[in-house]
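**Q** Pasting a structure here, questions to come.
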Amino acid sequence: MKEIKKKDYKAALEPMQLELVAMARWARDTGQRIVVLFEGRDTAGKGGAIDTIREHMNPRQCRVVALGKPSESEQGAWYFQRYVPHLPSAGEIVLFDRSWYNRAGVERVMGFAKPAQVNAFLEQAPAFEKLLVDDGILLFKYWLACDQARQEERFTERCADPLKRWKLSPIDLEARKRYDQYTKAREDMLRATHTGHAPWTLVDFNDQRRGRLTLIRDLLDRLPDTRVPEAGLTLDALSGKPKKERFTVVAPIKSFDA
């Protein structure tokens, strides 16, 4: 399948973003809680997909959670404990840029978790997620897939671009050598945690634009009817001539001159 052109991508995305805004309004008005997990290969496009979804949403309502390495205290706690405070309250949408599934992926492949810890996680994750779903949270789990050749293209681009080099870490450089190990870890994870109450959805992200459209369309189609009437706001005309800014204490700095 050909890569989708930018103008075609934008034309297809615009109505979906209107639906995403309607989804946020519906969640706010009904108190619905929504959690979306984004997992997948390094460079697959998790950050871009998340940015596209939240672009036109109120950041106070739609939060992104991207946790770093656990602290010493967190390492001594129940594994799921540090994720619980980030779950949504009524009307909120939380997008996890990687999630508790770190244990089944990078922690397993890179040796940061012992086999017994990984096995315990695979056994406990479905039960943890059932508690969330039973409590009324709408939980969506996405795995973003890309072939190794495309992954290498993106690693090369990041290495060459000073604006993207921050995305590369020593762990990423080591992990790129373990493509097959990540495949095995993913398949074991899916086998254990692809459940009726919290299924996985895999999306091809070799073409990131097409991947975003596919993921967003799937997310919207799996939601209930989110049509909520917009507030009847009116913008009345000003009563007088528009005023200019006036400063008496501190003046603005000199404007940039190209």
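No gaps in the numbering here: position 152 of the sequence shown is 152 in UniProt numbering, and each next residue is one more.
Cβ coordinates follow ideal geometry from the N, Cα and C atoms, glycine included.
These figures come from a predicted structure and were not determined experimentally.
Starting from the Cα of Lys69, find the closest Cα among Leu163, Met1, Ala113, Ala145 and give me that residue.
**A** Here residue 69 corresponds to residue number 69 of the sequence shown, with the count starting at 1. Closest option to Lys69, Cα to Cα, is Ala113.
**Q** Going straight from the alpha carbon of Lys141 to that of Ala66, what length do you get?
**A** By one-based count along the sequence shown, residue 141 stands at place 141. By one-based count along the sequence shown, residue 66 stands at place 66. Cα-Cα distance, rounded: 15 Å.
**Q** List the endpoints of the continuous beta strand (DSSP E) containing Tyr142.
**A** Start at 1 with the first residue of the sequence shown, and residue 142 comes out as number 142. Its beta strand (DSSP E) spans residues 138-145.
**Q** Where do the ends of the alpha helix (DSSP H) carrying Glu153 lie?
**A** One-based indexing of the sequence shown puts residue 153 at position 153. That run of the alpha helix (DSSP H) goes 148-160.
**Q** Taking just the CA atoms, how far does Leu223 sit from Gly105?
**A** Taking the first residue of the sequence shown as 1, we reach residue 105 at position 105. Taking the first residue of the sequence shown as 1, we reach residue 223 at position 223. Taking the straight line from one Cα to the other gives about 28 Å.
**Q** Do Phe247 and Ala44 have their C-beta atoms closer together than 7 Å?
**A** On the sequence shown, position 247 is the one that residue 247 refers to. On the sequence shown, position 44 is the one that residue 44 refers to. For Phe247 and Ala44, no; Cβs fall outside 7 Å.
**Q** Assess, as a yes-or-no matter, whether the region 92-103 is touched by the region 115-130 under the definition of 3 or more beta carbon pairs within less than 8 Å.
**A** Segments in contact, yes.
**Q** CB-CB under 7 Å to Ala12, same chain, minus the five flanking residues each way: which ones, in chain order?
**A** Stepping through the sequence shown from its first residue, residue 12 is reached at position 12. Around Ala12: Leu213.
**Q** Could you check where the alpha helix (DSSP H) with Arg186 kicks off and where it finishes?
**A** As a working note, residue 186 is residue 186 in the sequence shown. Per DSSP, Arg186 belongs to the alpha helix (DSSP H) from 179-193.
**Q** For Gly48 and Val21, I'd like the C-alpha separation in whole angstroms.
**A** What you label residue 48 is simply residue 48 of the sequence shown in a count that begins at 1. What you label residue 21 is simply residue 21 of the sequence shown in a count that begins at 1. Gly48 and Val21: Cα-Cα distance of roughly 18 Å.
**Q** Does the beta-carbon of Glu39 have 16 or more other beta-carbons within 10 angstroms, so that it is buried, or is it exposed?
**A** Reading the sequence shown from its first residue, position 39 is the one you call residue 39. By the neighbour-count rule (16 or more Cβ atoms within 10 Å), Glu39 is buried.
**Q** Can you give, in chain order, each stretch of the alpha helix (DSSP H) that sits fully within the region 72-146 and has at least 4 residues?
**A** Fully enclosed alpha helix (DSSP H) runs of 4 or longer: 72-75, 106-109, 115-134.
**Q** For the pair the region 49-60 and the region 74-90, tell me if three or more CB-CB distances fall below 8 Å.
**A** Taking 8 Å as the limit for Cβ pairs, the verdict is that the region 74-90 does not touch the region 49-60.
**Q** Quick one: give me the first and last residue of the beta strand (DSSP E) that residue 262 is part of.
**A** The requested residue 262 does not occur in the structure, where the chain is confined to residues 1 to 258.
**Q** What would DSSP say about Leu168, mapped onto helix, strand or coil?
**A** Position 168 of the sequence shown holds residue 168. Leu168 falls in the coil class under three-state DSSP.
**Q** Enumerate in chain order the residues of its own chain whose CB-to-CB distance from Gln148 is below 6 Å, with the five nearest sequence positions on each side excluded.
**A** Numbered from its first residue, the sequence shown carries residue 148 at position 148. Cβ neighbours of Gln148 beyond the five flanking positions: Tyr179.
**Q** Where does Thr234 fall in DSSP's three states?
**A** What you label residue 234 is simply residue 234 of the sequence shown in a count that begins at 1. Correct three-state label for Thr234: coil.
**Q** Measuring alpha carbon to alpha carbon, tell me which residue in Val118, Leu168, Gln17 is nearest Met189.
**A** Residue 189 sits at position 189 when you count from the first residue of the sequence shown. When each option's Cα is compared against that of Met189, the closest is Val118.
**Q** First and last residue of the alpha helix (DSSP H) that includes Leu18?
**A** Here residue 18 corresponds to residue number 18 of the sequence shown, with the count starting at 1. 6-30 is the span of the alpha helix (DSSP H), which, as asked, contains Leu18.
**Q** Check each candidate in Asp207, Pro229, Ile216, Asp257 and name the one with the smallest Cα separation from Met1.
**A** Locating residue 1 in the sequence shown gives position 1, counting from the first residue. Here the closest residue by C-alpha is Asp207.
**Q** Buried or exposed: which applies to Ala24, given that a residue is buried once 16 or more other Cβ atoms fall within 10 Å of its Cβ?
**A** Here residue 24 corresponds to residue number 24 of the sequence shown, with the count starting at 1. Counting Cβ neighbours within 10 Å, Ala24 comes out buried, since at least 16 surround it.
**Q** If we count the other Cβ atoms within 10 Å of its Cβ and call it buried at 16 or more, is Thr193 buried or exposed?
**A** For the purposes of this step, residue 193 is identified with residue 193 of the sequence shown, where counting begins at 1. It is buried - the Cβ of Thr193 has at least 16 other Cβ atoms within 10 Å.
**Q** DSSP puts Thr201 in a beta bridge; with which residues?
**A** Counting from 1 along the sequence shown, the entry for residue 201 is found at position 201. Paired residue(s): Tyr142.
**Q** Within 10 angstroms of the Cβ of Trp78, are there 16 or more other Cβ atoms? Answer buried if so, exposed if not.
**A** Against the sequence shown, residue 78 aligns to sequence position 78. Trp78 comes out exposed.
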